Amino acid sequence: MMEPMLRVQDLRTYFFTDQGVVKAVDGVSFEVNEGETLGIVGESGCGKTVTSLSVLGLLPEPPAQIMAGSSVKFLGDEIIGADEGRMRNLRGNKISMIFQEPMSSLNPVYSVGDQIAEVLRVHRRMGRKEARDEAIRLLDEVGIPAPDRRVAEYPHQLSGGMRQRVMIAMALSCEPKLLIADEPTTALDVTIQAQILELLEELSLSHGMAVLLITHDLGVVAEVCDRVVVMYAGQVIETGTVNEIFTEPAHPYTRGLLASLPSVTNSGRRLNSISGTVPNPVDWPRGCRFRERCPEAGDGCEEEQALVTLESAGRSSRCCKTEAVNLTGAG
Amino acid sequence: MTRYIIRRLLSAIPLVLGIATIVFFAVNLAPGDPTLYFLSPGMTQDVIEQMRINFGLDQPVHVRYLRWLGAMLTGDFGHSISHSRPVLEVLVDFLPNTLILSACALFVAFLFGIIIGTIQAVRQYSIMDSAMSVVLLFFYSMPSFWLALMLILTLSLFARNVWDLPIWFPASGIVSVDYDFLTFGEKVRDRVMHLVLPTLSLALVLTAGIARYMRGSMLEVIRQDYVRTAKAKGLSEAVVVFKHALRNALIPVITLVGLYIPVLFSGTIFIETIFAWPGMGRTIYDAIFIRDYPLVMAGTFFFASMVVVANLIADVLYAVIDPRIRYE
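Line order of the protein sequences matches chains F and L.
Going by the working numbering, the first residue of the first sequence is number 1128, and it counts up by one from there.
Going by the working numbering, the first residue of the second sequence is number 455, and it counts up by one from there.
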């Protein structure tokens, strides 16, 4: 089997606070292969953003700390604990990131052209003029009209969708192998959302770039992802292809999420909801972390649950009832 | 940008006229009479009356106001009673000294305040942060005239006579007695050496305030999303802090330029007295007690105008730093 481009293994990122140790990410493993789009889904507070920031080493330490034993390998090289110089060479160059809030992710006092050119000058050692021309070309590539005029404008002169396009242009500037997109469409309205997703899909294809898409929106996942990692309470609870996750969800939590989506076939009926809230990350419940909210909880759920591989290598679930449920689910 | 500056300049005109009016009435409504300065035994009431007529003090207040305003607009600030020469000449002699001192103090205060505040914010809760906080709080709490005396005691007197340091700073005046016999290079050095202690006395208190403010502003900015974006672009910490964060953090701090100018000018009154610095602060102080109306009014008017100018500069700096203001 080919070595995955990004292999995250047993990643544990804890925050040491006055209230106790917040185990935001508690033993997460997944892989991103060359050119694929992997979605990480989960509700707010499940640790998906912390996971992505840990990969690039962007969390402030302290209070955050990536615990010993965690491993993130990019193209075979361990990058947890790598020195700042090496990390800087990866960031914005080999691995780029775009964020949830395009309104606040761009620096308000520099023109968008300067902000894009900066990446080119640092990583590709371009001169002032060359970097500016390349910035204009990138703005054009991400579908910004009149890029030669927009290049001199400031973030406050652009709409949210435009700003996210600028962020994407910036992220693309050094032809990264991997783009981490942390809820890139959450802050945008629906039509703009679709445009941005389409753009991301198009660019990942044309640049052969893998995308790690973090979202809480299953609709987005269905639209653009190849494979899915479902997170809950700082852990991966299910993995599989988009098709597998949507047609045969193995974990009760995933089923709960899917049941809470509106669809054509259940229109007119009340949407399902998962009762309760995500438990406190300072003190995760013992055994299965979803137990208290799980409609199927019963014997065996007090035990710590392992991520069990199902029918194929990329298919796993962290539920002791997976197989039993699968049998009834198939009927 | 140019239009923005012109608009600000125009809006300053009524402000300055308003200041002139308030200054005039404040001084004239204050008790006391300038003729008392010339009073001597055996002087008859007639002489005093004649003197009042010569000074124009027999006229009603509104007539005097209009005359004064009219003359001032043509650049005539009248005749100083105590200095026995035109007010303008007195100003030309003393005002530059105060401006140099204030400008140096302001520059030093902002330079160090910004640097210290930034370092503190970037290394929040470190030992360095706490140590700097304690030192700054000390300077912030101490009155500047006391600081001035302590600086003289240590950096001038002890440095020269007790510790035998190779360098010590003069404690009074703006130049040494042998100034006229020095070469150009030595003259520059002499002036700079004389500036050090008065500048420090004024600047230390301001530095503490600015650093405190800067720390807070910087702490807020380094938690912003765009700072994380800058890091995610692979920029070094120095570029992230001093390019991306600093410029944003400076925006609220610029307000202090305008706010600290009056503090600085009132500070110069003490400092100029302590360091025998021939500046406007001391001159006005003396003029007030002699009831030298023309000089007090002109001096106060210039100080007040400087405050307006400082705020104007702050407004322009806002626009230079923040494009969102520029395009409004």
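Think of the CB as a built atom: it goes at the ideal place given N, C-alpha and C, for glycine as much as any other residue.
Model, not experiment: these values are computed from the prediction.
Query	Result
Completely contained beta strand (DSSP E) runs for the region 502-588 of chain L, where each covers 3 or more residues	none
Sub-7 angstroms separation of Ala1349(F) and Glu1365(F) beta-carbons	no
Contacts that His698(L) makes with chain F (C-beta to C-beta distance below 7 angstroms)	Asn1234
Cβ contact check for the region 694-708 of chain L and the region 612-623 of chain L: 3 or more pairs under 8 angstroms	no
Outcome for Trp600(L) when other beta-carbon atoms lying within 10 angstroms are tallied against a minimum of 16	exposed
Pair within 7 angstroms by beta-carbon distance, Ala657(L) and Val562(L)	yes
Three-state secondary structure (DSSP) of Ile1307(F)	strand
Coil, strand or helix - Arg701(L) by DSSP	helix
Three-state secondary structure assigned by DSSP to Tyr747(L)	helix
Neighbour flag for Ser1181(F) against chain L, beta carbons, 7 angstroms	no
is_contact[Thr683(L), chain F] using C-beta, thresh 7 angstroms	yes
Delimiting residues of the beta strand (DSSP E) encompassing Ser1223(F)	1222-1225
Tyr680(L) at chain F interface by Cβ criterion, 7 angstroms	yes
Short CB-CB distance (under 7 angstroms) between Thr1140(F) and chain L	no
Inter-residue spacing [alpha-carbon to alpha-carbon] between Cys1446(F) and Leu1437(F)	11 angstroms
From Gly1441(F), Cys1421(F), Val1363(F), residue whose alpha carbon lies closest to that of Lys1448(F)	Cys1421(F)
Ala1296(F) vs Val1338(F) beta-carbon contact at 7 angstroms	no
Residues of its chain near Thr1374(F), where Cβ-Cβ distance is below 7 angstroms and the 5 sequence neighbours each way are ignored	none
Own chain, CB closer than 7 angstroms to Asn551(L), minus 5 neighbours either side, in chain order	Ile628, Trp731, Pro732, Gly733
Under the three-state DSSP convention, the category Ile460(L) falls into	helix
Host beta strand (DSSP E) of Arg1543(F) (start-end)	Summary: the structure shown does not reach residue 1543(F), with chain F confined to residues 1128 through 1458, and so no result is reported for it.
Ordered list of alpha helix (DSSP H) runs contained in the region 624-678 of chain L, each at least 4 residues	638-675
Cβ separation of Ile1222(F) and Ile1307(F), assumed to be a contact under 8 angstroms, to the nearest whole Å	7 angstroms
Candidates Asp1309(F), Gly1147(F), Val1356(F), of which the one nearest Gly1441(F) by Cα	Val1356(F)
7 angstroms Cβ cutoff met for Ser534(L) and Asp746(L)	yes
Cα-Cα separation between Ala1457(F) and Asn1370(F), rounded to whole angstroms	With a pLDDT of 41 at Ala1457(F), under the threshold of 50, the modelled position of that residue is not reliable, and the figure given next carries that caveat. Their backbone Cα atoms lie some 15 angstroms apart in a straight line.
Exposure of Asn1407(F), with buried meaning 16 or more beta-carbon neighbours within 10 Å	exposed
Sheet register partners of Glu1462(F) (DSSP bridge)	Lying before the first or after the last residue shown, residue 1462(F) is absent from chain F, which here runs from 1128 to 1458.
Given Val546(L) as reference, the closest of Leu511(L), Leu560(L), Gly529(L), Ala466(L) once Cα atoms are compared	Gly529(L)
Burial state of Arg1213(F) (16 or more Cβ within 10 Å)	exposed
C-beta neighbour in chain L for Glu1280(F), strict 7 angstroms	no
Buried or exposed (CB count within 10 angstroms, at least 16 for buried), His516(L)	exposed
Beta strand (DSSP E) segments (min. 3 residues) lying fully within the region 1321-1409 of chain F	1337-1342, 1354-1359, 1362-1368
Inter-residue spacing [alpha-carbon to alpha-carbon] between Phe623(L) and Met647(L)	6 angstroms
Three-state secondary structure (DSSP) of Gly1147(F)	strand
C-alpha gap between Lys1200(F) and Tyr714(L), whole angstroms	54 angstroms
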